[in-house]
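What follows is a short report on a single structure.
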Amino acid sequence: MVNDTGRTSVRRRMPAAERKAQIVSAARDMFVRYGYSGTRTRHIAEAAGVTEAVLYQHFPSKEALFEEAIVTVLTKTRSDILMHTRAVAEAALRGDAEETAEAEGELYAIIDSFLPELGAALYSDPGYGKTFYTEYFLPRMQRMAQSHSDSFVPGEDDNASEISRYVISAIYGMNLGYALHAYFGKDTVSSENAVHEISTILSGGIGG
Amino acid sequence: MPDRSAKQVATSSSSPNGSANNGEPTSATDVTAQRRHLLCEAARTVFTEKGWARARTRDIAQEAGVTETVLYRYFPSKDALFEAAILEPLEGLVADLTELEPSYETVTLRDRAPISDKVNAAMHLRLVEIAPLLCIALFSDSEKGKIFYQDRVVPSLQAASAFFSTTLRPKAREAVPPEDLIIILLGMHFAVATQQMLSDEPVDIALLARTFTEIMAFGLTRAAAPKTATKK
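So the sequences go chain by chain: A and B. When you read off a place in the first sequence, starting at 1, and then add 1, the result is the number in the working numbering. When you read off a place in the second sequence, starting at 1, and then add 39, the result is the number in the working numbering.
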């Protein structure tokens with residue numbers, strides 16, 4: 002620590018930033034384990050080794066803490082998921098198996114590593130999940146389905162944006178299925194195998 | 040919306056003799072089975088609305104049109120009811136697939152697509168029932184979720200994947216083995232079902248089933264081709 006030079010005080014107080022980071026890290030673990038509604042600020046404080054009063058000095062509410070520990074992380078993840086989903090779709094539509102596999106590998110890695118946060122934010126509590134989904138995910142997904150319905154569904158089709166919505170869900174869902182199985186299941190899931198199978202399906206299917 | 044019709048069935052049963060199957064004779068075991076089913080449906084509705092912690096057995100009993108005492112005669116605890124409520128549609132999915140299985144043997148290769156559509160439509164309807172409770176089971180305590188997934192979900196996955204072992208062609212089985220295919224397919228339907236759960240956006244089931252069938256068979260290029268131009 003830079004400030005420690007020359008100081009001889011025995012009971013060094015933890016700098017506020019460090020303490021805050023410790024609370025955030027404890028909060029992340031608790032939210033990932035027990036979801037939004039199942040987590041109490043008291044338990045976060047305990048896990049972080051501070052009193053609840055200290056926790057409230059840093060964060061006014063459980064919601065604010067959830068924002069910091071989970072939502073902030075997911076803001077970047079959301080953009081990455083959408084960007085790579087689009088890349089996978091575009092490559093698969095061109096029938097380019099190699100490029101599909103490459104983009105799909107990146108998409109799977111993101112969904113797989115952020116599954117705990119996605120689960121806490123979207124799936125752990127019906128009320129919170131709804132707010133989070135409609136405010137954070139839905140507008141961007143709709144925009145993407147709209148703006149890509151031309152390329153996803155060439156020609157005239159009244160259902161173009163509906164179909165492209167299902168296409169986006171399919172790509173996300175294939176990855177989610179494998180990520181859930183890897184996280185909750187006992188079998189070791191080979192991500193290479195998952196990526197290979199998903200890109201095989203997307204870039205040409207497995208036959209009627 | 041399957042949820043809403045479930046609610047109607049549940050509330051109409053509040054009259055003692057009101058049964059869903061239009062005055063067909065019901066034996067005592069039928070009544071037991073039917074009441075279990077109604078309680079499971081009511082449980083799904085209440086757990087979906089309120090989550091695990093805030094769902095009360097009293098509310099579930101009320102939703103099913105019975106007293107709490109009757110509920111406890113069928114299910115010893117909220118835990119037991121929750122488990123039955125989620126296992127019922129999981130087992131239902133396996134039953135749906137078993138029922139569709141023979142139809143694959145009677146058609147020519149060209150005519151398989153409509154049956155695949157039925158498989159996808161059935162999966163969609165079941166996942167709409169399953170998804171909210173599955174979310175609770177997995178994510179309200181992820182360590183318990185792992186046990187639930189391994190003990191309860193995986194056996195259903197295995198039973199359902201047996202369907203693909205018999206119906207998939209060798210070439211398809213080689214590209215994606217049945218035990219992997221079920222994870223991929225249910226993931227797709229889980230994504231749609233949770234999106235519906237979180238946004239209340241309506242799903243066109245026929246169009247969804249068609250799109251998913253085509254993605255699985257031919258990849259995105261064909262799935263994205265305009266449906267209006269598709270002739271059977």
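Idealized CB from N, CA, C, for every residue including glycine.
Straight-line Cα distance separating residue j from residue i
i: Asp239/B; j: Gln58/A; result: 38 Å
i: Thr189/A; j: Ala183/A; result: 7 Å
i: Arg74/B; j: Ile125/B; result: 16 Å
i: Met236/B; j: Val146/B; result: 36 Å
i: Leu56/A; j: Thr40/A; result: 14 Å
i: Ala49/B; j: Cys79/B; result: Only weak support is given to the placement of Ala49/B: the predicted model assigns it a pLDDT of 38, under 50, and the question is left unresolved by the model.
i: Phe67/A; j: Ala123/B; result: 32 Å
i: Arg166/A; j: Ser192/A; result: 25 Å
i: Leu164/B; j: Ala180/A; result: 22 Å
i: Thr1/A; j: Asp150/B; result: Outside the displayed range of chain A (2 to 209) lies residue 1/A, so it cannot be described from this structure.
i: Asp30/A; j: Arg79/A; result: 20 Å
i: Ile164/A; j: Pro16/A; result: 53 Å
i: Leu108/A; j: Leu177/A; result: 10 Å
i: Ser155/B; j: Gly206/A; result: 14 Å
i: Thr260/B; j: Tyr173/A; result: 17 Å
i: Tyr113/B; j: Leu120/B; result: 8 Å
i: Thr97/B; j: Gly106/A; result: Checking the displayed sequence, the identity of residue 97/B turns out to be Arg instead of Thr. Using only the alpha carbons, I get a separation of about 48 Å.
i: Leu132/B; j: Ala160/B; result: 11 Å
i: Asp159/A; j: Glu253/B; result: 18 Å
i: Glu275/B; j: Glu107/B; result: Only positions 40 to 271 of chain B appear in this structure, which leaves residue 275/B out of reach.
i: Pro280/B; j: Thr250/B; result: This structure cannot settle anything about residue 280/B, because the visible part of chain B is limited to 40 through 271.
i: Arg208/B; j: Glu144/B; result: 12 Å
i: Lys89/B; j: Gly128/A; result: 8 Å
i: Pro171/B; j: Val215/B; result: 28 Å
i: Gly186/A; j: Phe187/B; result: 9 Å
i: Ile222/B; j: Ala54/A; result: 45 Å
i: Ile99/B; j: Leu173/B; result: 18 Å
i: Gln234/B; j: Val242/B; result: 10 Å
i: Asn60/B; j: Tyr137/A; result: At Asn60/B, the pLDDT of 48 sits below 50, so the modelled position is not reliable and the matter cannot be decided from this model.
i: Glu218/B; j: Asp113/A; result: 19 Å
i: Gly96/A; j: Phe203/B; result: 26 Å
i: Thr206/B; j: Met162/B; result: 16 Å
i: Ala195/A; j: Thr135/A; result: 29 Å
i: His149/A; j: Leu119/A; result: 24 Å
i: Arg83/B; j: Ala18/A; result: 44 Å
Top-ranked residue by Cα proximity to residue i, from the options
i: Leu166/B; options: Ser204/B, Leu139/B, Asp180/B, Leu225/B; result: Leu225/B
i: Tyr37/A; options: Glu138/B, Ser179/B, Asp243/B; result: Ser179/B
i: Leu139/A; options: Ser170/A, Ala98/A, Ile112/A, Ala161/A; result: Ser170/A
i: Ala1/A; options: Val51/A, Ser191/A, Glu91/A, Tyr137/A; result: Here chain A comprises residues numbered 2 to 209, so residue 1/A is not present and cannot be evaluated.
i: Asn126/A; options: Arg93/B, Leu220/B, Tyr113/B; result: In the sequence under discussion, the amino acid at residue 126/A is Asp, which differs from the Asn named in the question. Asp126/A has its Cα closest to that of Arg93/B, out of Arg93/B, Leu220/B, Tyr113/B.
i: Leu203/A; options: Val158/B, Arg249/B, Met255/B; result: Met255/B
i: Ala110/A; options: Arg14/A, Met15/A, Ile199/A, Glu19/A; result: Ile199/A
i: Glu138/B; options: Ala201/B, Ala170/B, Arg191/B, Arg212/B; result: Ala201/B
i: Ala146/A; options: Arg43/A, Ala70/A, Thr86/A; result: Thr86/A
i: Lys63/A; options: Ala27/A, Val89/A, Gly50/A; result: Ala27/A
i: Ala81/B; options: Ser66/B, Asp69/B, Val105/B; result: Val105/B
i: Val168/A; options: Thr71/B, Leu172/B, Phe257/B, Asp118/B; result: Phe257/B
i: Ile175/B; options: Asp113/A, Arg34/A, Thr52/A; result: Arg34/A
i: Gln23/A; options: Thr135/A, Ala65/A, Ala54/A, Ala70/A; result: Ala70/A
i: Ala72/B; options: Lys185/B, Val85/B, Glu127/B; result: Glu127/B
i: Asp135/B; options: Tyr188/B, His76/B, Ala199/B; result: Ala199/B
i: Ala161/A; options: Val231/B, Pro153/B, Leu247/B; result: Leu247/B
i: Val192/B; options: Glu102/B, Trp91/B, Leu129/B, His76/B; result: Leu129/B
i: Leu123/A; options: Leu177/B, Pro153/B, Ala103/B, Val158/B; result: Leu177/B
i: His197/A; options: Ala67/B, Gly184/B, Glu213/B, Ser116/B; result: Glu213/B
Residue i at chain D interface by Cβ criterion, 8 Å
i: Ser26/A; result: Among the chains of the structure shown, chain D does not appear; the protein chains present are A and B.
- Task: Please go through the region 97-179 of chain A and give each complete beta strand (DSSP E) segment of 3 or more residues, from N-terminal end onward.
- Result: Whole beta strand (DSSP E) segments, 3+ residues: zero.
- Query: At a Cβ cut of 7 Å, what residues of the region 121-146 of chain B count as close to chain A, listed as they run along the chain?
  - Reply: Answer set for the region 121-146 of chain B: empty.
- If contact means a Cβ-Cβ distance below 7 Å, which residues of the region 39-56 of chain A contact chain B? For the region 39-56 of chain A, which is checked against every Cβ of chain B, the residues closer than 7 Å are Gly39.
- Query: Looking at chain A, which residues of the region 164-192 of chain B have a Cβ within less than 7 Å of any of its Cβ atoms?
  - Reply: For chain A, the residues of the region 164-192 of chain B that bring a beta carbon within less than 7 Å of one of its beta carbons are Pro171, Cys174, Leu177, Phe178, Ser179, Asp180, Ser181, Glu182, Gly184, Lys185, Tyr188, Gln189, in chain order.
- Item | Chain-ordered residues of the region 53-85 of chain A with a beta carbon less than 8 Å from chain B | For the region 53-85 of chain A, which is checked against every Cβ of chain B, not one residue is closer than 8 Å.
- With 9 Å as the C-beta to C-beta threshold (strictly closer), list the residues of the region 219-233 of chain B near chain A in chain order. So the list reads Asp219, Leu220, Ile221, Ile222, Ile223, Leu224, Leu225, Gly226, Met227, His228, Phe229, Ala230, Val231, Thr233, given in the order they occur along the chain.
- Using a beta-carbon distance cut-off of less than 9 Å, what residues from the region 87-103 of chain B approach chain A? Within the region 87-103 of chain B, contact with chain A at the beta-carbon level (separation under 9 Å) is assigned to Thr87, Glu88, Lys89, Gly90, Trp91, Ala92, Arg93.
- Ranges of the alpha helix (DSSP H) found wholly within the region 98-172 of chain B, counting only runs of at least 4: Taken in chain order, the unbroken stretches of alpha helix (DSSP H) that lie wholly in the region 98-172 of chain B and span 4 residues or more are 107-113, 117-145.
- Message: If the cut-off is 7 Å on Cβ atoms, which residues from the region 237-260 of chain B count as contacting chain A, listed in chain order?
- Response: For the region 237-260 of chain B, which is checked against every Cβ of chain A, the residues closer than 7 Å are Leu237, Ser238, Asp243, Leu246, Leu247, Thr250, Phe251, Ile254, Met255, Ala256, Phe257, Gly258, Leu259, Thr260.
- Could you list the residues in the region 194-223 of chain B with a C-beta less than 7 Å from some C-beta on chain A, going in chain order? Correct list: Arg208, Lys210, Ala211, Ala214, Val215, Asp219, Ile222, Ile223.
- Can you list, in chain order, the residues of the region 88-109 of chain A whose Cβ is nearer than 8 Å to any Cβ on chain B? Residues of the region 88-109 of chain A with a Cβ closer than 8 Å to any Cβ of chain B, in chain order: Ala90, Ala93, Leu94, Gly96.
- Please list the residues of the region 110-125 of chain A that have a C-beta atom closer than 9 Å to any C-beta atom in chain B, keeping them in chain order. Cβ contacts with chain B: Pro117, Gly120, Ala121, Leu123, Tyr124, Ser125.
- Runs of alpha helix (DSSP H) lying entirely within the region 204-232 of chain B, each at least 4 residues, in chain order: As far as the region 204-232 of chain B is concerned, its whole alpha helix (DSSP H) runs of at least 4 residues are 209-214.
- Message: Please give the ranges of any alpha helix (DSSP H) in the region 34-87 of chain A, keeping only runs that are unbroken, at least 4 residues long and fully inside the region.
- Response: Qualifying alpha helix (DSSP H) stretches, in chain order: 42-49, 53-59, 63-67.
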